[in-house]
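Peer 1: There's a structure below that I have some questions on.
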Amino acid sequence: MDWKRIVSEGISEASSLMNSMHQISPNYRILMYHSVGGQVINDKKNIFSITPKLFEQHINLLAESKIIEVVDLDSKHLNTEKDSLTITFDDGYKDNLFDAAPILEKYGFPYTIFVSTGFVKSNDKCFLNVEELRELSSFPNARIGSHSVSHPSLVNCNDTELANELVSSKHFLEDVTGKDIKTFAYPFGAVNQRVRDAVENAGYLVGTTSYMNTNYHGQDQLMLSRTSLLGIDSVRNFRQKIRGDWDWYRFLQDYRES
């Protein structure tokens, strides 16, 4: 464990203590995974893939919770009086079908896979192909969302490129799955007002960022925060993250972007 992780663990422990001392309003938390048992592209630190065993431990903990309800990705959960949580995956890795989905279907939990359609067409063995994507979309609890075509930083796209990334991916996914695609995840979490408005104009109803936080009543449904889960997150870390003990990380993200 490197020193940055040690510091992060310490801050989160302190945050856990503070959170236990006051009442937190009902919140809607969205978890963000990538690969379960596979390899994530450009993951130099090898932290964005979680083992199937640890993933099931995470899911089992949610199943045992009497407080948090696992729900579909929907902005209506911003306005409920009960803590709720949604499970999402980015990119469209093949193991989402073969390793993650069977676990989630066993527990009966809904989940959303955000797919970059260019990866589907690439024939890269790491990613779902068209037939696998169609199969996954047929699972009772699976939902498919868009993650653009080529996974660019959308804030760096011109208006024509941006429209293509949003609209082409939506149409492709609708053709493959036969279902309306209404949810979007911003690649790299990169979003500004122009990108947010383009996502709305393209017909999406929900947009998710990589901003580490939970979500509350009145929040912009196209700028929802998510909680990143990593392969180095123990079951204890997972408990902390769903309680909000790691939400302090959003301040570090703000600092890096400033």
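Numbering (the working numbering), first residue to last: 451 to 708. Note that CB positions come from ideal geometry on N, CA and C, so glycine has one too. All figures in this text were calculated on a predicted structure; none of them were measured in a lab.
Could you give the first and the last residue of the continuous alpha helix (DSSP H) run that contains ALA513?
Peer 2: On the sequence shown, position 63 is the one that residue 513 refers to. Start and end: 502-514.
Peer 1: Compare the Cα-Cα distances from ASN665 to each of VAL656, ARG676, GLY657, SER619 and report the closest residue.
Peer 2: Against the sequence shown, residue 665 aligns to sequence position 215. When each option's Cα is compared against that of ASN665, the closest is ARG676.
Peer 1: According to the Cβ coordinates, are GLY568 and SER600 closer than 8 Å?
Peer 2: Position 118 of the sequence shown, counting from 1, holds the residue named residue 568. Position 150 of the sequence shown, counting from 1, holds the residue named residue 600. Yes, the pair counts as a contact, with Cβ atoms nearer than the cut-off.
Peer 1: My output table needs one value for ASP540: the three-state DSSP class, helix, strand or coil.
Peer 2: For this step, residue 540 is matched to residue 90 along the sequence shown. It is a strand residue.
Peer 1: Confirm, please, whether the CB-CB distance from SER619 to GLY717 is below 8 Å.
Peer 2: The question about residue 717 has no answer, for the chain in this structure spans 451 to 708.
Peer 1: How about ILE500 and VAL520: do their beta carbons lie closer than 8 Å?
Peer 2: The residue given as residue 500 occupies position 50 in the sequence shown. The residue given as residue 520 occupies position 70 in the sequence shown. The answer is no: Cβ separation not under 8 Å.
Peer 1: Rounded C-beta distance between LEU616 and ALA648? I'm assuming under 8 Å.
Peer 2: Sequence index remark: in the sequence shown, residue 616 carries index 166 (1-based). Sequence index remark: in the sequence shown, residue 648 carries index 198 (1-based). Their Cβ separation, rounded to whole angstroms, is 6 Å, which keeps LEU616 and ALA648 in contact under 8 Å.
Peer 1: Going by beta-carbon coordinates alone, are MET662 and ARG700 separated by less than 8 Å?
Peer 2: For this step, residue 662 is matched to residue 212 along the sequence shown. For this step, residue 700 is matched to residue 250 along the sequence shown. Result yes, Cβ atoms of MET662 and ARG700 sit closer than 8 Å.
Peer 1: Within the present structure, is the beta-carbon of LYS571 separated from the nearest heavy atom of the ligand SAH by less than 7 Å?
Peer 2: With respect to the ligand SAH, the structure shown offers nothing to examine, as it has no ligands at all.
Peer 1: Are the region 602-617 and the region 535-548 touching by the rule of at least three beta carbon pairs closer than 8 Å?
Peer 2: No, because fewer than three Cβ pairs between the region 602-617 and the region 535-548 fall closer than 8 Å, the two stretches do not touch.
Peer 1: Kindly indicate which residue of ILE563, ASN510, ILE491, HIS621 has the alpha-carbon position closest to the one of ILE480.
Peer 2: Sequence index remark: in the sequence shown, residue 480 carries index 30 (1-based). Ranking ILE563, ASN510, ILE491, HIS621 by Cα distance to ILE480 puts ILE563 first.
Peer 1: Express the C-alpha separation of SER587 and ASP625 in angstroms, rounding to a whole number.
Peer 2: Counting from 1 along the sequence shown, the entry for residue 625 is found at position 175. Counting from 1 along the sequence shown, the entry for residue 587 is found at position 137. Approximately 12 Å, taken between the alpha carbons.
Peer 1: Give the DSSP bridge partners of THR714, in chain order.
Peer 2: No answer is possible for residue 714: the residues shown for the chain start at 451 and end at 708.
Peer 1: Take GLN703 and list the residues in its own chain whose beta-carbon comes closer than 7 Å to its own, dropping the five residues that flank it on each side.
Peer 2: Here the question's residue 703 lines up with position 253 in the sequence shown. For GLN703, where only same-chain residues beyond five positions count, the Cβ hits under 7 Å are TYR661, MET662.
Peer 1: If I follow the unbroken alpha helix (DSSP H) through GLY595, where does it start and stop?
Peer 2: As a working mapping, residue 595 is identified with position 145 in the sequence shown. Taken as a continuous stretch (DSSP letters only), GLY595 belongs to no alpha helix (DSSP H), being part of the beta strand (DSSP E) at 592-596.
Peer 1: Pull up the distance between the alpha-carbon of ILE491 and that of ASN642, whole angstroms please.
Peer 2: What you label residue 491 is simply residue 41 of the sequence shown in a count that begins at 1. What you label residue 642 is simply residue 192 of the sequence shown in a count that begins at 1. So the alpha carbons of these two residues sit roughly 25 Å apart.
Peer 1: Here's the rule: buried if 16 or more other CB atoms are within 10 angstroms of the residue's CB, otherwise exposed. What is GLU514?
Peer 2: Numbered from 1 along the sequence shown, position 64 holds the residue referred to as residue 514. Result: exposed.
Peer 1: May I have the straight-line CA-CA distance separating VAL570 from LYS495, to the nearest angstrom?
Peer 2: Translated into the one-based positions of the sequence shown, residue 570 becomes position 120. Translated into the one-based positions of the sequence shown, residue 495 becomes position 45. Cα-Cα distance, rounded: 24 Å.
Peer 1: Do TYR478 and HIS508 have their CB atoms nearer than 8 Å?
Peer 2: Taking the sequence shown and counting its residues from 1, one reaches residue 478 at position 28. Taking the sequence shown and counting its residues from 1, one reaches residue 508 at position 58. No, Cβ-Cβ distance for TYR478 and HIS508 is not below 8 Å.
Peer 1: Leaving out five residues on either side along the sequence, give the residues of the same chain with a beta carbon under 6 Å from the beta carbon of MET482.
Peer 2: Residue 482 sits at position 32 when you count from the first residue of the sequence shown. Excluding residues within five positions, the ones whose Cβ falls inside 6 Å are THR538, ARG676, SER678.
Peer 1: According to the neighbour-count rule (16 or more other Cβ atoms, all chains shown, within 10 Å of its Cβ), is PRO637 buried or exposed?
Peer 2: Within the sequence shown, the letter at position 187 stands for residue 637. Buried: at least 16 other Cβ atoms inside 10 Å.
Peer 1: Is the beta carbon of SER598 sitting closer than 8 Å to the one on SER572?
Peer 2: Counting from one through the sequence shown, the residue named residue 598 turns up at place 148. Counting from one through the sequence shown, the residue named residue 572 turns up at place 122. Taking 8 Å as the Cβ cut-off, SER598 and SER572 do not qualify as a contacting pair.
Peer 1: Using a Cβ-Cβ cutoff of less than 7 Å, which residues in the same chain neighbour ARG646 once the five nearest sequence positions on both sides are dropped?
Peer 2: In the sequence shown, the residue the question calls residue 646 occupies position 196. Answer for ARG646: GLY657, LEU672, MET673, listed in chain order.
Peer 1: Between the C-alpha atoms of TRP698 and ILE497, what's the straight-line distance to the nearest angstrom?
Peer 2: Position 248 of the sequence shown holds residue 698. Position 47 of the sequence shown holds residue 497. Those two C-alpha atoms are separated by around 20 Å.
Peer 1: Mark GLU506 as exposed unless 16 or more other C-beta atoms lie within 10 angstroms of its C-beta, in which case mark it buried.
Peer 2: In the sequence shown, the residue the question calls residue 506 occupies position 56. Buried is the call here.
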